[in-house]
Structures are given as C-alpha cells and as structure tokens.
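The structure appears below as structure tokens.
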Amino acid sequence: MEALDRLLDIMDILRGPGGCPWDIEQDHKSIMKCLIEETYELADAIEEDDVDVLKEELGDVFLQVVFHSAIARDNHRFTLDEVINELCDKLIYRHPHVFGDASVRDSSEVIKNWEKLKRKENSKKQREFILSGIPNTLPALLNALKIQSIVSRVGFDWENPEGVVDKIREEIQELGEAMEAKNEDQVEDEIGDLMFSVVNLARLLKIDPEAALRRTNKKFSQRFYEIEKVAKQRGIKVSEMAMAEKDRIWEDAKKKI
144 MEALDRLLDI MDILRGPGGC PWDIEQDHKS IMKCLIEETY ELADAIEEDD VDVLKEELGD
204 VFLQVVFHSA IARDNHRFTL DEVINELCDK LIYRHPHVFG DASVRDSSEV IKNWEKLKRK
264 ENSKKQREFI LSGIPNTLPA LLNALKIQSI VSRVGFDWEN PEGVVDKIRE EIQELGEAME
324 AKNEDQVEDE IGDLMFSVVN LARLLKIDPE AALRRTNKKF SQRFYEIEKV AKQRGIKVSE
384 MAMAEKDRIW EDAKKKI
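Numbering-wise (the numbering used here), the sequence shown opens with residue 144 and increments by one.
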C-alpha cells in the first residue's frame, strides 16, 4: 500500500539520523499514555459521529501502532510485518466459518466460537489463574466488566438482573452505615462495591457501562452549559447565582437535553 509505505518512510526519517530528537528518544513506556489518550479521543469522535474527526483520530491511533512497531524493530524485538501477519493468522483462526469448514447459524454462535478459540489460545500461555490475563492498566469500569464477563463464563454469575438490583440496595445501605461511622476506608470500600454492582447490572442488561457513563457526562455538561450561558448573559459568575436559580435553569435544560 502506497499510503502505508509513505507513513513508514516518514517514521524512519523521524527516528533516523538527523531526525526528530523527541521521536528518537521515545520508548514503549514513554508513549504509552499517548496511545491511551488517542484511543479515548477516537471513542469521543465515534460518539459524536463526526466523520472528519473520526478519520483524523483513526490516523492518530494507527500512528501509535506504527510508532511502537518502529521502536520494537529498532530494539531487535519484532517488526510491523510480524504484527500484521500475527493479526492475520489470528483473524483466520478465529473465523473457521469463513476460512474453514465450520458452520454457524448466527452472530451469537460466531461470538461463542470466538471466545472458545480465544480461551484455547490463552490456555497455551500457561496462565495460572483465570483472571491473570486482565491488564492492570484498564480503566476501572472496563476492568470490572472484564472480570465479571470472564467469571460469568465459568458459571459464577447472577441468575437475573433483579438479584443485582437487590445487591445494589444492600450496598447503598452498607455505604450509609460506613458514612455514619465516619470510617473513610470502609466508605471507599463500599463505594467500590456499589460501583462494581452497578457495572454488573449494566452487563446483565447488555448495556456498556463506559458508554452509559460517557452519555451521562455529556448530558450533565450540556445542562450545566445552560447555567453558564445565563450567568454570562447577566454578566455574573455561576458561583454568584442563587442555588434556586441554578436549579430552575437546570430543570428547564432537562426538558430539552
């Protein structure tokens, strides 16, 4: 691909003799946060359904793949070709209904087969415990979802969402008791338990908790913007507005947003 070759040539120039000092100095750990940030910016572009920004952010994420591969190559570890070929082998292996003789009835069977083949791959990596392969760097909500999904596959799960709702009520009661006792460590534990249970409920209801929270964050920001807008029109700060007035504007915003 001409475009890919152009990008690889640019990366070689940036990291080569006489190239960019910053690019030359980087290693996997130093640019790890860049990959995380770019991934979130890509997710935001998808949420906003902005095609131009989506195209740009896909490029930024792809740059991180090329950058990490260049660092690995320069340290004699692996090349981008190896990354791509390993990915191709994985896709072919996990789609036996397309590249082999297996047959499936629908997408749900595809997912079941995918997970079965993935577990077979992971068993070869000799992990001692079922949760050992979960990255510690995952965001907490995603980490919780991953843990719950994995243990669910071995039969450790709630029978229905109603059971989780009862658990949430129990966690709220325990949180209240910890607050009354003014035990900060216990309060933190109970808040964590409550959030874990809410993620469990979202999973059982087939709702992505990250997407749900992002949606709420966006909704809150848009409603608060309405309060800021009124404050600016009056030439005052939001902090100078009466709480009753802020509540009124907020309730009006809720009807629109």
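All C-beta atoms, glycine included, are put in the ideal place defined by N, C-alpha and C.
Shown here, PHE367 sits in a helix according to DSSP, grouped into three states. By the C-beta criterion, the stretch 202-209 is judged to be in contact with the stretch 172-183, since at least 3 inter-stretch pairs fall below 8 Å. DSSP places GLN291 in the helix class (H, G or I) of the three-state scheme. In the structure shown, ALA283 adopts helical secondary structure according to DSSP, grouped into three states. For the options ILE235, VAL196 and SER251, the alpha carbon positioned closest to that of ASP244 is the one of ILE235. Pairing VAL308 with ILE189, the inter-Cα distance amounts to about 31 Å.
Excluding sequence positions up to five before and after ILE293, its CB lies within less than 8 Å of the CB of ILE273, LEU274 and ILE277, all in the same chain and listed in chain order. LEU288 is the residue among LEU288, TYR368, LYS375 and GLN376 whose C-alpha sits nearest the C-alpha of MET338. Shortest Cα-Cα distance from TRP165 to any of GLU191, GLU199, LYS263 and PHE210 involves PHE210. In the three-state scheme derived from DSSP, where H, G and I count as helix and E and B as strand, GLU258 is classed as helix. Taking all protein chains shown into account, MET154 has 16 or more neighbouring C-beta atoms within 10 Å of its C-beta and is therefore buried.
In the structure shown, THR222 adopts coil according to DSSP, grouped into three states. Between the alpha carbons of ILE214 and ASP170 lies a gap of roughly 6 Å.
Rounded to whole angstroms, the separation of the alpha carbons of LYS325 and GLU333 is 12 Å. Taking one beta carbon from each stretch, the stretch 364-379 and the stretch 390-400 have 3 or more pairs nearer than 8 Å; the two touch.
A residue is called buried when at least 16 other Cβ atoms come within 10 angstroms of its Cβ; PRO160 does not meet this threshold and is exposed. The C-alpha of LEU318 lies about 33 Å from the C-alpha of GLU383. MET384 carries a coil assignment under DSSP once its states are collapsed to helix, strand and coil. Around the C-beta of ALA396, 16 or more other C-beta atoms lie within 10 Å, and the residue is accordingly described as buried. At the C-beta level, ARG357 and GLN291 stay beyond 7 Å of one another. Judged by beta-carbon spacing, LEU260 lies within the 7 Å limit of ARG237, meaning their Cβ atoms are closer than that value. Nearest in C-alpha terms to PHE242, of all of ASP232, TRP393 and PRO282, is ASP232. Within a 10 Å sphere around the beta-carbon of GLU302 sit fewer than 16 other beta-carbons, which makes this residue exposed. When secondary structure is reduced to three states using DSSP, SER173 falls in the coil class, being assigned neither helix nor strand. A direct Cα-to-Cα measurement between LEU157 and GLU264 gives close to 37 Å.
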